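Below: the structure, in structure tokens.
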Ligand SMILES: Cc1cc2nc3c(=O)[nH]c(=O)nc-3n(C[C@H](O)[C@H](O)[C@H](O)COP(=O)(O)O)c2cc1C
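Numbering (the UniProt record's numbering), first residue to last: 1 to 201.
Quick look at the structure:
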């Protein structure tokens, strides 16, 4: 049998944007991946297009233009629906309770949730930037189930130690910390460098 040496796949990340508040997190993930030279594969839910129109001045085309490849939500034959398509993993930013719950049950009615299920079965990192508050017991149990399956639950919460001087900085800090899970080091992250003034004994 002939074997050929294949060119390694480029680093790729799957990006899901669902209809929780904070569609800007997904937009900034795409910007960060472009800066980092990581190929982005985007899939957006219908509800995310609603939050896009309510929360930003972006058109859907302007959002998808930030991605290297934009997949259709119902295209379950897309590359990212198969585990044989190699990726670094997947991030859902932001992740609605509806999308989170669908991923947890294994019901994969869209390309977004199918790609998330594939990410879990291939034991690749799946980061869910779940945004809802307050949380009821069912939400918390679903998050526990997902953590048990290997997902990383990463709600976008502000890091005040980073002394954000703008909303944009606060958003980028959350995005960058979520990308840390994939070993991607985005320059926008302000990293803790220990206590100022030498508090150590
Ligand atoms: C402006 C707006 C803000 C919303 N914020 C949230 C939210 O923060 N978290 C959430 O789980 N759902 C939120 N929703 C509701 C979801 O969009 C809704 O549950 C939808 O069915 C989610 O579908 P998807 O998971 O396919 O995107 C919001 C809806 C709108 C219109």
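All C-beta atoms in this analysis are idealised placements derived from N, C-alpha and C, irrespective of residue type, glycine included. Keep in mind the model is a prediction, meaning the values are calculated, not measured.
**Request:** Can you give me the start and stop residues for the beta strand (DSSP E) that residue 70 sits inside?
**Result:** 69 to 71
**Message:** Are the CB atoms of residue 125 and residue 83 within a distance shorter than 9 Å?
**Reply:** no
**residue 148 Cβ short of 8 Å to ligand 1 heavy atom set** = Residue 148 has its CB no nearer than 8 Å to any heavy atom of ligand 1.
**Asked** Is there at least one non-hydrogen atom of ligand 1 closer than 8 Å to the beta-carbon of residue 174?
**Response** no
**Request:** Could you check what DSSP says for residue 194 in three-state terms: helix, strand or coil?
**Result:** coil
**Message:** Our contact map puts residue 104 next to residue 146 with C-beta atoms below 8 Å; I'd like the distance itself, whole angstroms only.
**Reply:** 5 Å
**Request:** Could you name each continuous beta strand (DSSP E) segment of 3 residues or more that falls completely within the segment 96 to 132, going from the start of the chain to the end?
**Result:** 126 to 130
**Prompt:** Does the beta-carbon of residue 7 have 16 or more other beta-carbons within 10 angstroms, so that it is buried, or is it exposed?
**Reply:** Burial check for residue 7: the Cβ neighbour count within 10 Å stays below 16, so the residue is exposed.
**Asked** Do the CB positions of residue 178 and residue 93 come within less than 9 Å of each other?
**Response** Yes, these two residues count as a Cβ contact at 9 Å.
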